[in-house]
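Contents: one structure, followed by commentary.
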């Protein structure tokens, strides 16, 4: 049974790990953001699916996120990590809600299927990105080869018997937790196998954290994850 204090600490680590990953990906695109005391913000528009701002603390305000992002055109997004902001009055609409998750340190509940290993070369990362994007060449460019140089980032890739990537995830291991994001399973691949394979490549000495919603949250629970708290994603519609 996790205590309230431990839950709060894990949530803080999950939020920071996710913000660090957003910063890492943006930096790989030549778009580094900046960390302030209560929020990470990016003065230039971020790559698709990645927020322009992330709140880091429970007392972050609308000003903390809005003063550091580009709103010259609609489409900027804010990750409200503690679901405490109401950005409706600022011209934003609620895009979706999700739940932070955590799994204690240790091995996965089920053994990983055969064929799971990290993508280590530009060619392997390209194959991973192509599978993640469903074959969309434009979306696959979201993960440039420069990310392979980051020592804290692992692209976990699950392969079928013919060597094709059929599942995967991004693992971001830092000092206190391992973050898991972008987990996917292609058609015909069991999401449970994706969770087992990704967790098998995570450091068993660290808790694993992330966030999910809907059916993906259900699959995470089945893989041994508990809930830490809600988050919201806001989209600038003005």
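Numbering (the working numbering), first residue to last: 598 to 835.
Ideal Cβ positions, reconstructed from N, Cα and C, are used throughout, including at glycine.
Asked	Found
What residues are listed by DSSP as bridge partners for residue 778?	767
If you count every other CB in all the chains shown that lies within 10 Å of the CB of residue 791, and 16 or more means buried, which is it?	buried
Measuring straight from C-alpha to C-alpha, what distance separates residue 764 and residue 676?	26 Å
How far does the alpha helix (DSSP H) with residue 784 in it extend, from its first residue to its last?	Here residue 784 belongs to no alpha helix (DSSP H), and DSSP marks it neither H nor E.
Measure the alpha-carbon distance for residue 626 versus residue 610 and round it to whole angstroms.	25 Å
Once you ignore the five residues that flank residue 637 on each side, which residues in its own chain have a CB closer than 8 Å to its CB?	616, 619, 620, 630, 631, 650, 651, 653
Decide yes or no for the touch test of the stretch 750-760 against the stretch 713-730: beta carbon pairs closer than 8 Å, at least 3 of them.	yes
Just to confirm my understanding: we take residue 803, look at its own chain, exclude 5 residues before and 5 after, and list those with CB closer than 8 Å. What are they?	702, 770, 773, 774, 775
Roughly how many angstroms lie between the CA atoms of residue 682 and residue 788, to the nearest whole one?	32 Å
With DSSP collapsed to three states, give me the class of residue 754.	strand
Helix, strand or coil for residue 794? Go by DSSP, reduced to three states.	helix
Which same chain residues end up closer than 7 Å to residue 656 when comparing Cβ atoms and leaving out the 5 residues on each side of it in sequence?	635
In whole angstroms, give me the CA-to-CA distance for residue 807 and residue 602.	18 Å
Relative to the C-alpha of residue 745, which candidate in 672, 607, 614, 624 has its C-alpha closest?	624
Exposed or buried, what is residue 782 when buried is set at 16 or more other beta-carbons lying within 10 Å of its beta-carbon?	buried
If I'm right that residue 809 touches residue 696 with Cβ under 8 Å, what's the distance once you round it to whole angstroms?	7 Å
Which parts of the stretch 679-725 are runs of the beta strand (DSSP E), unbroken and 3 residues or longer, counting only runs that do not cross its ends?	689-700, 713-715
Expressed to the nearest angstrom, what Euclidean distance is found between the alpha-carbon atoms of residue 689 and residue 727?	32 Å
From which residue to which residue does the beta strand (DSSP E) around residue 601 run?	Segment 601-625 is the alpha helix (DSSP H) holding residue 601; no beta strand (DSSP E) there.
From 778, 747, 739, 719, pick the residue whose C-alpha is nearest to that of residue 699; which is it?	778
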